[in-house]
Structure formats: C-alpha cells, structure tokens
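Chemist: Would you mind keeping the following structure in view while I ask a few things?
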Amino acid sequence: MEKDLKEICLKIERFIGDSVKRFKKNGVILGLSGGIDSSVLAFLLKRTLGKDRVFGLIMPEKESSPENIKDAREIANFLAIEHKEIDLTPLLTEIGVYKLIPFKMVENKFLLNRGLKLFKKRMKVNMIHSLGILGVTTPNKISQRATAVMLPKLRLRSLLLYYYGALKNLLVSGTTNKTEYLLGHYDKYGDGACDIEPIKGFYKTQVRELAKFLGVPKKIIEKPASHDLFAGTILTDEVLMGMDFEKVDAILIGLEEGKENKRLAKELGVGTKTIEEVKMAIANEKIKREMPFSPDV
Numbered sequence: 006m007e008k009d010l011k012e013i014c015l016k017i018e019r020f021i022g023d024s025v026k027r028f029k030k031n032g033v034i035l036g037l038s039g040g041i042d043s044s045v046l047a048f049l050l051k052r053t054l055g056k057d058r059v060f061g062l063i064m065p066e067k068e069s070s071p072e073n074i075k076d077a078r079e080i081a082n083f084l085a086i087e088h089k090e091i092d093l094t095p096l097l098t099e100i101g102v103y104k105l106i107p108f109k110m111v112e113n114k115f116l117l118n119r120g121l122k123l124f125k126k127r128m129k130v131n132m133i134h135s136l137g138i139l140g141v142t143t144p145n146k147i148s149q150r151a152t153a154v155m156l157p158k159l160r161l162r163s164l165l166l167y168y169y170g171a172l173k174n175l176l177v178s179g180t181t182n183k184t185e186y187l188l189g190h191y192d193k194y195g196d197g198a199c200d201i202e203p204i205k206g207f208y209k210t211q212v213r214e215l216a217k218f219l220g221v222p223k224k225i226i227e228k229p230a231s232h233d234l235f236a237g238t239i240l241t242d243e244v245l246m247g248m249d250f251e252k253v254d255a256i257l258i259g260l261e262e263g264k265e266n267k268r269l270a271k272e273l274g275v276g277t278k279t280i281e282e283v284k285m286a287i288a289n290e291k292i293k294r295e296m297p298f299s300p301d302v
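Numbering follows my numbering, with no gaps: position 123 of the sequence shown is 128.
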C-alpha cells in the first residue's frame, strides 16, 4: 500500500508541476480551511514546488469554527508557506447573510438536529445530499435560505483566490475530493471554481490514506469533516449524509464498478433505499455540474 501511495503522490506532483508550466504561472494558490482536503493539497504542493511557490489564503468569517481557523494557521506555519488571512465577516454582513438565519439557531445543537430531522421527514429522505446540498430540487423556504447563506461565503472565497492569484501570477487549485464532487458537496462557482483539481480523483477515505502517508497531523485526519459554512461543528458532512464516509464511499465505488442495487446492499449491509438515495444524489448534482445552458439556434 505504501508503494502505491508513493506512486500516486508522484503522479499528482507531476500533474501539478506540468500544470504550472503549461499555464506559465509562478506557483499555486489554495484556500486553507483547516480540513483534511486542503491540508493534503498543501503538503502535495510544497513537495512539488517548494515552500516559496505556494501561497495559502485563510478566509474565515464569524460562523467559522475557531478550531478550523487555528488548524489552517498551523498547517501554513508547519509547511512554512506564505499565507494571508482575510476575515469575510464585514462583507457578508453588508450583504445581509447573517440576518437570514438567527444566530440563536446556528449555535443551538438541539434546535438544529430537530430541524434537520423534521426537514428529512418532510422531504422523505435520509441523505440531505440526495436533494442537493446547495439547493434542494424541491422548492423549500428553508433550503432557499440555507443556500443564500452558503453561496456568498463560497463565492467570496473563490473571488479572493483569483484576485490574489492574478496579483501573484499563481494557478488557483481546488480542494474537492471525489465523494464531494459526486454528491454535490461543493459549488461549481465557489470551491469548484479553480484551474486544477489535484485530488478530485480520490474518495474521502482515500484522501485520509494520502494524509497519513504525507504526514498530515493526526488531529486533522481524525477531525469530523465539515463544510464549515453554517453550524459546521454540529451539521458535519456525515450528519448531513446520514452515514459515515466509509459506507458512502463503499457505495460509490460499488456503483462505479456497475454492481446492482440488491447485490451492493447485501454486501454492505444497507437497505436498497440507501443505495437509491446515493444514486439520486449523483443524478441531482449532474445537471449542476454542467456549463451554463444556452439555446440551440
């Protein structure tokens, strides 16, 4: 396994190096969130380009987890890469984002979990992802407000990455993994807006293996994954999915291998309804991954 991981890392590093040359850039810029995906990417970038050609942006706002902000700083300092921290709170306040959902609800675990259960019951699903995390397919005021809260945060970060990328002639790298991509746990004009996606071919569980191989701090590897856009420490990725990454990745891999629902459900010890929800998530997100539509004239 270690030999395979070494070869995989070398392949990613060649891809990064070739991309920088092809785009004629000085290096690469990425957003540092304090999570496992951006940390893995930062390690890979430094291995490929050296610390002087990697620039990290840390972009917190008042609803960000303090632990994630601290971890992002520690990764940047550990790797000795140049970085800058920009607080998005003033801009998001001006837009009116924080008025959409009462802060009392954001910090109340009981209210959030109760609301999540009621929402799932009303929409008749277990996985929020199957509805589309950034915009439920069935019009719903709750989902509309949640989307309006999250999208400006994601897209402001993208804007800043491209701003500083242009100033420093840097290639913008995304940090989306394959699980997020397939289930729609990203926004194509937010964290999906980038020049390259070095780890998009890896499921979340595979990113964890890469993290261990690269020497990413244990606390980041073991920390619950979160979008960290709205009550992220409570509404973690696994809470929203209704299952852990090991199980959802096993389902995604099984579907990728062409296994039938009944066989896959039996192998993994899950209901066929769960398999159907994962398939629905993939189908609902497919249209949102497309480029802007235009009439055939």
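Each residue gets a CB set at the ideal place from its N, CA and C atoms; glycine is no exception.
Classify residue 298 as buried or exposed, calling it buried when 16 or more other Cβ atoms lie within 10 Å of its own Cβ.
Modeler: Position 293 of the sequence shown, counting from 1, holds the residue named residue 298. So residue 298 counts as exposed.
Chemist: According to DSSP, simplified to helix, strand and coil, what is residue 63?
Modeler: Counted from its first residue, the sequence shown places residue 63 at position 58. Of the three classes helix, strand and coil, the one that applies to residue 63 here is strand, per DSSP.
Chemist: Just confirm the distance between the C-beta atoms of residue 22 and residue 74, as a whole number of angstroms; I'd bet it's less than 8 angstroms.
Modeler: Along the sequence shown, one-based indexing puts residue 22 at 17. Along the sequence shown, one-based indexing puts residue 74 at 69. No, residue 22 and residue 74 are not in contact; Cβ-Cβ is about 30 angstroms, not under 8 angstroms.
Chemist: Say whether the region 175-190 touches the region 86-93, bearing in mind that this needs 3 or more beta-carbon pairs closer than 8 angstroms, one atom from each stretch.
Modeler: no
Chemist: Could you name the residues of the same chain whose beta carbon sits closer than 6 angstroms to that of residue 216, not counting the 5 residues immediately before and after it, in chain order?
Modeler: Numbered from its first residue, the sequence shown carries residue 216 at position 211. Excluding sequence neighbours, residue 216 sits near 41, 45 and 226.
Chemist: So, under 8 angstroms CB-CB, residue 77 and residue 63 are touching, yes? Tell me the CB distance rounded to an integer number of Å.
Modeler: Taking the first residue of the sequence shown as 1, we reach residue 77 at position 72. Taking the first residue of the sequence shown as 1, we reach residue 63 at position 58. 5 angstroms between Cβ atoms; contact.
Chemist: Grab the span of the alpha helix (DSSP H) containing residue 240 for me, first residue to last.
Modeler: Residue 240 sits at position 235 when you count from the first residue of the sequence shown. Looking at the DSSP string, residue 240 is not in any alpha helix (DSSP H), and its letter there is neither H nor E.
Chemist: Based on Cα-Cα distance, which residue from 106, 70, 93 and 290 lies nearest to residue 189?
Modeler: Working through the sequence shown from its first residue, we reach residue 189 at position 184. Ranking 106, 70, 93 and 290 by Cα distance to residue 189 puts 290 first.
Chemist: Could you check the C-alpha separation between residue 255 and residue 218 for me, to the nearest Å?
Modeler: Counted from its first residue, the sequence shown places residue 255 at position 250. Counted from its first residue, the sequence shown places residue 218 at position 213. One C-alpha to the other measures close to 21 angstroms.
Chemist: Start and end of the beta strand (DSSP E) containing residue 36?
Modeler: Along the sequence shown, one-based indexing puts residue 36 at 31. Its beta strand (DSSP E) spans residues 32-36.
Chemist: What separation, rounded to the nearest whole angstrom, lies between the Cα atoms of residue 96 and residue 11?
Modeler: Within the sequence shown, residue 96 is the residue found at index 91, counting from 1. Within the sequence shown, residue 11 is the residue found at index 6, counting from 1. Rounded to whole angstroms, residue 96 to residue 11 spans 42 angstroms at the Cα level.
Chemist: Measure the alpha-carbon distance for residue 58 versus residue 163 and round it to whole angstroms.
Modeler: The residue labelled residue 58 in the question sits at position 53 within the sequence shown. The residue labelled residue 163 in the question sits at position 158 within the sequence shown. Taking the straight line from one Cα to the other gives about 19 angstroms.
Chemist: At which residue ranges does the region 191-244 contain complete alpha helix (DSSP H) runs of 4 or more residues, listed in the order of the chain?
Modeler: 209-219 and 223-227
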